[in-house]
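Residue numbers (the numbering used here), protein chains in the order written: chain A, 1 to 476; chain F, 1001 to 1417.
Written below as C-alpha cells is the structure these notes are about.
Shown next, in the form of C-alpha cells:
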C-alpha cells in the first residue's frame, strides 16, 4: 500500500490533520497501534476548550490555542460533535492569587483572548452559586468551552475516511526505512510506503522520531487522574472552574461535561511508563480534597468512575511542530499537552500549510466537510423518536438503560466509517455503558451485537483490543 | 394513546405479583411493560435453588419461581409487552415506552406500579484504584454470561463483596471449573444469607476474608491480579497488610441500588437511605396513583418478600383505581440509631387493618430489644436473639394502636443492645 502522507497516531491531532489533508487530492493513511482511535491522551483529558490566557505570549501554544478555540465551535457543529460554550473561571482564594489573575488577564490580552474580565466575589457567587465562600475573585473567560474529546477524534477520522483517507488499526509502527525519497513503514508484519510521515504519536512521539534517527524529542508522560460524577450533580458547576495554575499545569478543575456529568481532576505526576494509566487511591483522595476548595459540597458519593490519562509533556515547554532535521518529509507534531485539544483544529491547518504547498496538491472536488449526524435517541423529541423507529425498528430497542442508547445507535457505531470493533469503541461512539451502572446490564448485550455484526463468536470480542478479551471458552 | 387502569413497569417478580393481585381485586385493564425479552426479571438467570421457601414452602430455582407467576399472568390473560422500555412518566400518569414493533407508546394510566428492580453498584462507585483492564465486572453480569450465554468470564477469580450474588457466583464459577481464590468483605460481617455462606463458600473451601478490601487492580489488557488489604474499624486499608493475589477476574458484589430514574424524573420523593420512593402502607408514593414495590422500593433479601410486598402494592393500586383509597392524614415512621430505615415511611390514619413495618439494622446484635415508640409511649418491646444488616425485620402495628394516634404522630423503632 502506497500513500502520500502517513499519519502516525489516531488521536485528536492526527485525525484532525488527516481530515484537513483529505481536502486534497492525495492518499492518506492513519496508522494506529490500538484497535481503535482515541485510545491515548485524546480519550482521557479534561475535555476543555481553553480560552488561551495560560500560554506565554509568542509561543506556538499561545498562538494555536487562541486560533484553535475560535475554530472549535464551527468545527464541532460541522462534525456534529457536542460542544458547549460554557466559559471558564480561574478562582483566586487570596489577595496574592488575585495578583495571579491580573497576570493571566494581561497575558490573555497579549495572546488575543477576547472578553476576559475579573469578577469580584459577589459576581462570582452569582454565576457560580456552589463556589466556596473563601473564593475572593475570578478571571472570567467567555470563549472557553467544553467538548467531547473522543467524539471529536472519532468524528474527524470518520470524516477523513469518508473523504478517502484510510484508517489502519492495530498497526504499531516498529521500523521506518528511508529510500529514494520514500518512507517504508512496518509493524513487523505488514508494510506501507509513504512520501511524508506526520508523527502525531502523543507520548510515543520521541520513539517514532528515533526510528529515523531523530533524537531531538523528549517526551515525559505526565499522568492525570480524574473522577467522573453522576449526572444528578452535573449542575454543581455552571462553568469550568480552575484554581490558580502552578508549574505542573492548570491544577484541579471542576467542570460540567457536555453530557451533563461533573468532572473533577486532574492530578499531575511525571512517570516513566507510557502505558501506565492506573489510578491510585491516595491521588484520587487528594483530588477530591483540592476540588472541595473550589466546590465544598463535593463528595465521593456520586462518583461513577475514575480514570487516568497521560499528557505528552516535552522538555521544550512548547508544542513542537516542525520538520525533522533528519528528513524534511518527516513532520514532528510533538509535545501536544494542554492546550492540545483546544489547539488541535489550528494545528491541523498549521501542518497543512507546512506540506500542501510544497506537495503542490490540488483541492479535490466533492470534499465533504461534515459527517452524517449520528442518531442520538436520548436527545430526540417523541415525534422524532416515532419517525426514526418507523424507519428502522432497531431504534426502538433500548440497550443501555442508564443513557437510553438504542440498538440502532450501536449498529451505526459498528458500521460507521472506521467503526467500533470492541466494547469500549461502542461506548465512546454511543455512550452505551457510560452511565451509572457502567455497563453492568448492557455490556453483555453490546458484546452480543458486536459478535453478530462482525460475524465472530462472542468470546472473540474484546474490551479494547489486544488481550482484553471478555469471555473465555464455553461453559461445561 | 392507549388507555389502561393500571400500568406496571417491570415484569419481574414484583411487577407480576402486583399485577396478579390487582386482577384478583377486580381490575380488568392491566398492562405490564418488561424491558427484557421475557417476563421473569433477574430470576431468569438465578438458576440456583433457594427461592420460594417462605412463599410456597418449597425450594425452587429462580426460573421455576418466576414461571409460577408467568403461568398465572398468562392464565389471567394479563396483557404484557416484552422488550419494551419505559422512558418517562408524566405528571398526569401518562407512560411513554418504546419497543421495536409498536415504536413509541403513549399510555394513559389511572394508576402506575413501579417495579423496575435494582442494579448492582459498579466499580466506580467504590473508587477502587488500579487499571481499567478487562475482567472486572459485577457478579450479576458474570452470572448472565455463565447461566444465559454459556460462556466463562474468567478462570481465576477474586470476588469483592459477600452479598448473596457474590456468594452464589463463587459456587457457580467453581462448579464450572474456575478457581475462586477468595471472597473479600469490607465489613466485619457478611451481608449474605448464612445458608449461602455455608453452601457456597464453606462447602467448597473458598476463604471469606472479612474486614478486607481490594485496594489495587493490576493488568494492562486483562486483569492479572489484585492487591487486597485488611481495613480498620473505619473501613480504611491498614498499611502493611497488603497482599497480592493472582487472578484474571474480579467480580464485584458490593451492593444493589434501586433503579429509580423514572421515579426521580417525575419528581417523586425518594428516601436517602433506601434510594427508593417514600411510600405509605399501600406503597403509594407522594405522586397520586403511582405505587412502588420490590427492589425498586428497597432491596429485599428474598424474592418471597418481594412477592408479598408487591401484592400489597397491587391491592393498593386496585383500591385507588376503584376509588376506595381515600386521601387521609398520615402518621410517619422513623428509624432511630441502628435502625437504618423503615418501609413504609408513612401510614394513612384511616387504615382499617394492621400495618406491618419492615426495617433494617446497620449492625449485628445478639439478644437485643426492638422497641416501637410513639412519643413517650412504648407500643411494642420484644427480644430478638439475633439482628443482622443482611436480614430484614418487621413489626406489626395493630389497627387498635393506629386508631389511637393523632395526625402527624411519629412512630419510632429503636434497637437496644
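Note that the Cβ used here is the ideal one computed from N, Cα and C, for glycine as well.
One thing to note: residue 227(A) has its Cβ no nearer than 8 Å to the Cβ of residue 139(A).
Contact annotation: in the region 1293-1325 of chain F, no residue has its CB less than 8 Å from a CB in chain A. Counting along the chain, residue 1287(F) sits inside no alpha helix (DSSP H), nor does DSSP assign it H or E at all.
By the neighbour-count criterion, in which a residue is buried when 16 or more other Cβ atoms sit within 10 angstroms of its Cβ, residue 95(A) is exposed. Near chain F, meaning a CB-to-CB distance below 9 Å, the residues of the region 389-417 of chain A are 389, 390, 393, 394, 395, 396, 397, 398, 401, 402, 404, 406 and 407.
Between the alpha carbons of residue 1362(F) and residue 1060(F) lies a gap of roughly 30 Å. Among the CB atoms of chain A, none fall inside 8 Å of the CB of residue 1376(F). Below the 8 Å Cβ cutoff, chain F contributes 1122, 1123 and 1124 as neighbours of residue 438(A), in chain order. Using a CB distance cut-off of 8 Å, residue 1035(F) counts as an interface residue toward chain A. For residue 1158(F), none of the residues of chain A pass the 7 Å Cβ criterion, the least Cβ distance being about 16 Å.
Under the Cβ distance rule, residue 1138(F) counts among the residues neighbouring chain A, one pair being separated by less than 8 Å. Interface annotation for the region 16-43 of chain A against chain F: empty, criterion Cβ-Cβ distance under 8 Å. What residue 303(A) touches in chain F, judged by beta-carbon distance under 7 Å, is 1124, 1125 and 1127, going in chain order. In the DSSP annotation of this structure, the continuous segment of the alpha helix (DSSP H) that includes residue 79(A) starts and ends at 60-79.
A Cβ of chain F is located within less than 8 Å of the beta carbon of residue 382(A). The beta carbon of residue 1358(F) is closer than 6 Å to those of 1343, 1392 and 1394 in its chain, skipping five residues each way along the sequence. The C-beta distance from residue 1207(F) to residue 1247(F) rounds to 13 Å, too long to fall under 8 Å, and the pair is not in contact.
Shown here, residue 265(A) sits in a strand according to DSSP, grouped into three states. Interface with chain A (8 Å Cβ-Cβ cutoff): residue 1222(F) is included. Taking 8 Å as the cut-off, the beta carbon of residue 1141(F) is found no closer than this to the beta carbon of residue 70(A). A direct Cα-to-Cα measurement between residue 1089(F) and residue 1143(F) gives close to 31 Å. The Cβ neighbour count for residue 1298(F), taken over all protein chains shown within 10 Å, is at least 16; the residue is labelled buried. Residue 1202(F) and residue 1171(F) have their alpha carbons spaced roughly 10 Å apart. As summarised for the region 366-424 of chain A, the continuous alpha helix (DSSP H) elements at least 4 residues long and confined to that stretch are 382-391 and 407-415, given in chain order. Taking 8 Å as the upper bound for CB-CB distance, residue 159(A) and residue 370(A) are in contact here, some 7 Å apart. DSSP places residue 1085(F) in the uninterrupted beta strand (DSSP E) bounded by 1085-1089. Contact annotation for residue 475(A) against chain F: 1146, 1150, 1151, 1152 and 1176 [CB-CB distance below 7 Å, chain order]. Chain-order list of chain A residues neighbouring residue 1099(F): 396 and 397, by C-beta distance under 8 Å.
Using a CB distance cut-off of 8 Å, residue 449(A) does not count as an interface residue toward chain F.
A Cβ-Cβ separation of about 5 Å places residue 1019(F) in contact with residue 1030(F) under the 8 Å criterion. In this structure, the straight-line span from the alpha carbon of residue 1330(F) to that of residue 1384(F) is close to 29 Å. Counting along the chain, residue 1008(F) sits inside the beta strand (DSSP E) bounded by residues 1002-1009. Within 8 Å of the CB of residue 1096(F), the CB atoms of chain A belong to 382, in sequence order along the chain.
In the DSSP secondary-structure assignment, residue 351(A) is not bridged to any residue. The DSSP assignment places 205-210 as complete runs of the alpha helix (DSSP H) inside the region 165-240 of chain A, in order along the chain (cut-off: 4 residues).
Taking C-alpha positions only, residue 211(A) is separated from residue 1102(F) by approximately 59 Å.
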